[in-house]
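> Quick note: the sequence shown uses the numbering used here, first residue 368, plus one each step. Built from N, CA and C at the ideal position, the CB exists for glycine as well.
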Amino acid sequence: MMNRNRILLVYRGGTAGILSTVSNQARRLAMEGFETTLVLMGDPDRGRNHQEIEGVEVRWLHLWSRKLPKNGFGWFVKYLEFSIRVFIKTLFDPAKLVVANDIDSLLPVWPAARLSGKRLAYFAVELYAERPGVPAPWLWRCCERFFARRVDATISCQEDRTRFMIENYGTKEPVLTVRNVPFWKPLAQDHHDQIRTWLKTRGVANVKVALYQGMLTARRCVYELAEAGAYLDPEIVIVLIGDMSEKIRKKFDEIRDRFGTRQKVFVHEYVLPDELGPLTASCDLGLVFQKNVGANTFYAAPIKLYQYLAAGLPVVGSNFPSVTRILEDPERPVGFGADPEDPQAIAKAINTLFANEKQYLQFHENALWLAENRYRYDKESEALVALYRRLCES
Numbered sequence: 368m369m370n371r372n373r374i375l376l377v378y379r380g381g382t383a384g385i386l387s388t389v390s391n392q393a394r395r396l397a398m399e400g401f402e403t404t405l406v407l408m409g410d411p412d413r414g415r416n417h418q419e420i421e422g423v424e425v426r427w428l429h430l431w432s433r434k435l436p437k438n439g440f441g442w443f444v445k446y447l448e449f450s451i452r453v454f455i456k457t458l459f460d461p462a463k464l465v466v467a468n469d470i471d472s473l474l475p476v477w478p479a480a481r482l483s484g485k486r487l488a489y490f491a492v493e494l495y496a497e498r499p500g501v502p503a504p505w506l507w508r509c510c511e512r513f514f515a516r517r518v519d520a521t522i523s524c525q526e527d528r529t530r531f532m533i534e535n536y537g538t539k540e541p542v543l544t545v546r547n548v549p550f551w552k553p554l555a556q557d558h559h560d561q562i563r564t565w566l567k568t569r570g571v572a573n574v575k576v577a578l579y580q581g582m583l584t585a586r587r588c589v590y591e592l593a594e595a596g597a598y599l600d601p602e603i604v605i606v607l608i609g610d611m612s613e614k615i616r617k618k619f620d621e622i623r624d625r626f627g628t629r630q631k632v633f634v635h636e637y638v639l640p641d642e643l644g645p646l647t648a649s650c651d652l653g654l655v656f657q658k659n660v661g662a663n664t665f666y667a668a669p670i671k672l673y674q675y676l677a678a679g680l681p682v683v684g685s686n687f688p689s690v691t692r693i694l695e696d697p698e699r700p701v702g703f704g705a706d707p708e709d710p711q712a713i714a715k716a717i718n719t720l721f722a723n724e725k726q727y728l729q730f731h732e733n734a735l736w737l738a739e740n741r742y743r744y745d746k747e748s749e750a751l752v753a754l755y756r757r758l759c760e761s
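1. Suppose contacts are defined by Cβ-Cβ distances below 8 Å. Is Thr544 in contact with Thr529 by that definition?
2. Taking C-beta to C-beta, are Ala462 and Asn370 nearer than 8 Å?
3. Measuring only the C-alpha atoms, how far is Tyr489 from Lys539?
4. With C-beta atoms as the reference, is Leu654 less than 8 Å away from Leu583?
5. Helix, strand or coil for Ala750 per DSSP?
6. Tell me the residue span of the alpha helix (DSSP H) that contains Gln674.
7. So, does the stretch 570 to 577 touch the stretch 601 to 615, judging by three or more C-beta pairs under 8 Å?
8. Note down the Cα distance separating Gly596 from Leu607, rounded to an integer number of angstroms.
9. Along the chain, where does the alpha helix (DSSP H) containing Trp431 start, and where does it finish?
10. Does the distance from the C-beta atom of Met532 to that of Ala491 stay below 8 Å?
11. Quick check on Glu402: does DSSP put it in helix, strand or coil?
12. Who are His635's beta bridge partners in DSSP?
13. So for Thr382, helix, strand or coil by DSSP?
14. Rounded to the nearest angstrom, how far is the Cβ of Ile470 from that of Trp507, given a contact under 8 Å?
15. Determine the extent of the beta strand (DSSP E) in which Asn686 is found, giving its start and end residues.
16. Keeping to the same chain, check which residues put their C-beta closer than 6 Å to that of Glu497; ignore five residues upstream and five downstream.
17. So, does the stretch 735 to 744 touch the stretch 662 to 678, judging by three or more C-beta pairs under 8 Å?
18. I need the DSSP call for Val466, collapsed to helix, strand or coil.
19. For Arg516, which residues in the same chain have their Cβ closer than 6 Å to its Cβ, ignoring the five residues on either side in sequence?
20. Please identify the residue among Thr564, Tyr727 and Glu613 whose C-alpha is closest to the C-alpha of Ala585.
21. Tell me whether the beta-carbon of Val406 lies closer than 8 Å to the beta-carbon of Leu435.
22. Identify the residues that DSSP records as bridge partners of Lys575: which are they?
23. Does the stretch 639 to 647 come into contact with the stretch 616 to 625, if we say contact requires no fewer than three beta-carbon pairs (one atom in each stretch) closer than 8 Å?
24. Would you mind reading off the limits of the beta strand (DSSP E) that contains Phe703?
25. Assuming Leu473 contacts Phe514 under a Cβ cut-off of 8 Å, what Cβ separation, rounded to an integer in Å, is found between them?
26. Considering Phe454, what are the terminal residues of the alpha helix (DSSP H) in which it resides?
27. Which of the three DSSP states is assigned to Glu540 in this structure?
28. What residues are listed by DSSP as bridge partners for Ser523?
29. Can you tell me where the beta strand (DSSP E) with Ile660 in it begins and where it stops?
30. Thinking just about the alpha-carbon of each residue, which of Thr388, Gly570 and Pro499 is nearest to the one in Val632?
31. Could you tell me the distance, in whole angstroms, from the CA atom of Ser748 to the CA atom of Val518?
32. Roughly how many angstroms separate the alpha carbons of Ala705 and Ala722, rounded to a whole number?
33. Run through DSSP, which three-state label would Glu424 get?
34. Could you tell me which residues DSSP puts in a beta bridge with Arg373?
35. So, helix, strand or coil for Gln711, using DSSP?
36. Starting from Leu680, trace the beta strand (DSSP E) in both directions and tell me its first and last residue.
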């Protein structure tokens with residue numbers, strides 16, 4: 368018998384931790400009194416897969432096939448195993464509503480939900496078929512066009528992505544947009560000095576810190592940031608927080624050596640999302656950069672942008688519409704856009720922001736106001752909770 372107060376969330380990602388778009392959903396639903404289970408793929412060999420969400424049952428699927436080589440065959444077998452296990456879980460779970468996060472979760476969830484009479488919502492966390500390197504993008508686009516029209520509700524996390532889905536996939540309207548913003552807490556009102564303490568152990572003191580937090584890959588402009596340090600004013604440094612592969616690190620260090628930026632651009636080890644706040648708040652400026660390698664990145668306003676605002680940090684980011692719409696808000700601007708593939712342009716924007724103290728302080732105040740009054744998940748998710756409640760009760 369189905370439980371009208373129970374919601375099952377399914378997400379194939381998770382080997383690098385629970386994506387904030389998914390964890391925020393689960394947390395908010397639990398706060399609203401829903402019995403919530405989150406099922407996602409994990410790896411017991413990676414400690415960060417032991418993340419928990421208060422009030423939520425988190426079930427990591429440790430796939431038997433995870434040890435297979437990282438090639439096309441290995442990916443297919445892992446996806447097949449994930450799909451079979453998720454299909455069975457969805458079919459027999461007593462939840463009234465199932466939420467498939469991304470199209471790769473929707474494929475196995477859709478037939479199980481339809482066979483068992485459950486309501487089904489599709490949350491497009493990414494424009495999955497438009498991600499660089501995704502296998503057989505044409506096939507995923509076909510899946511979007513077929514399955515996304517045959518669900519009970521569709522949600523997107525960015526207004527430009529919503530429009531893209533309607534225009535390119537024929538997604539059934541209305542599509543609810545719920546931006547990927549954090550739960551608000553007044554980080555900037557506390558005193559934090561973690562980053563400066565960490566920098567002192569590396570012989571650096573009395574500096575202004577520009578922070579990039581997140582995945583450290585070529586597509587996230589780590590090489591451009593390594594070079595940009597050469598053009599920064601003497602009192603400014605860049606700190607990157609996140610995972611960096613050995614391959615990326617090798618080239619990153621080569622660039623730092625070539626431009627003499629080892630004491631200007633630093634890499635801090637990965638920090639779990641729940642522990643990141645004080646580190647963010649101990650910096651002076653946030654960086655949001657990624658290359659235009661498709662619609663998924665061009666139409667992205669990552670959660671790190673909103674996390675910076677919550678910490679009161681002005682921001683310099685990619686000059687893409689989805690980012691500059693926030694940075695250069697005509698009423699409450701918080702920063703500047705710059706060409707993400709031009710290290711000198713990146714450095715110029717950072718230098719300019721720090722050079723004007725009056726403007727910097729105004730951006731700081733604007734950031735705090737926006738975080739508290741506009742970009743906070745408890746407000747942003749009100750329509751999402753109402754939608755899920757209607758689906759559960761119908």
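Result, derived from the coordinates:
1. yes
2. yes
3. 11 Å
4. no
5. helix
6. Ile670 to Ala677
7. yes
8. 12 Å
9. Segment: none, Trp431 is in no alpha helix (DSSP H) and carries neither H nor E.
10. yes
11. strand
12. Ile608
13. Residue confidence for Thr382 is low, a pLDDT of 49 falling below 50, so the modelled location carries little weight and cannot support an answer.
14. 6 Å
15. From DSSP, Asn686 is part of no beta strand (DSSP E); its letter is neither H nor E.
16. Gly661, Ala662 and Asn663
17. yes
18. strand
19. Lys539
20. Glu613
21. no
22. Ile603
23. no
24. Gly702 to Ala705
25. 5 Å
26. Gly439 to Phe459
27. coil
28. Ala491 and Thr544
29. The residue asked about is misnamed: residue 660 is Val in this sequence, not Ile. From DSSP, Val660 is part of no beta strand (DSSP E); its letter is neither H nor E.
30. Gly570
31. 20 Å
32. 16 Å
33. strand
34. Glu402
35. helix
36. Segment: none, Leu680 is in no beta strand (DSSP E) and carries neither H nor E.
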